[in-house]
Structure formats: C-alpha cells, structure tokens
Amino acid sequence: MRTISKSQFKPKSLQYFREIQKKGHEIIITDHGKPVVIISPFKKDSQVILKELRNSVLQYDDPLEPVAEDEWDVLK
Numbered sequence: 001m002r003t004i005s006k007s008q009f010k011p012k013s014l015q016y017f018r019e020i021q022k023k024g025h026e027i028i029i030t031d032h033g034k035p036v037v038i039i040s041p042f043k044k045d046s047q048v049i050l051k052e053l054r055n056s057v058l059q060y061d062d063p064l065e066p067v068a069e070d071e072w073d074v075l076k
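The sequence shown begins at 1 in the numbering used here and counts up one residue at a time.
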C-alpha cells in the first residue's frame, strides 16, 4: 500500500485515481505524517446486494388472487 502526503496528492490527484483504477491497489493520504484517508478501487460486493434484497420480494402462486389485508400494507 502506497503512502503519500496530501500536498503530493493534490496536484496529481487524477493521475493517482487512474493508477488506483488500473492497478487496483490502495493509497493512503497523510496530513502532517498522520494517515487521514485511504483511497481504494470500488468493488461491488454481490453478497451485500443479495443480503439487502433477501426477504424483500413477495411471491404469489396466483398473481390474480386477491391480496390479503396484512400483505397489502407491505406493498405500499
């Protein structure tokens, strides 16, 4: 993991963004020698997406059957 100061990062930020995107590694930005920010490539975690969707879909065997009163409120 590469470490650079914010004064080094500021004028070359786009260059560092491209490098992170291309090589896939993280960069730590420091302020007066103390780490303050980690910049890393975006990775969409499919497990997180699936966990968010789990139990959120209602299934009906007969879509033309009337919806029960308690399930109707869930659909709003």
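The beta carbon of each residue, even a glycine, is placed where N, CA and C say it ideally should be.
Asked: Beta bridge counterpart(s) of R54 as assigned by DSSP; Found: None; R54 has no bridge partner.
Asked: Inter-stretch contact at 8 Å, needing at least 3 Cβ pairs: the segment 1-14 / the segment 24-31; Found: yes
Asked: Between the CA atoms of P35 and E69 - distance to the nearest angstrom; Found: 55 Å
Asked: Those residues which DSSP pairs with I27 across a bridge; Found: R2, I39
Asked: Neighbourhood of Q93 by C-beta, 7 Å cutoff - its chain only, sequence neighbours within 5 removed; Found: With the chain covering 1 to 76 only, the question about residue 93 has no answer from this structure.
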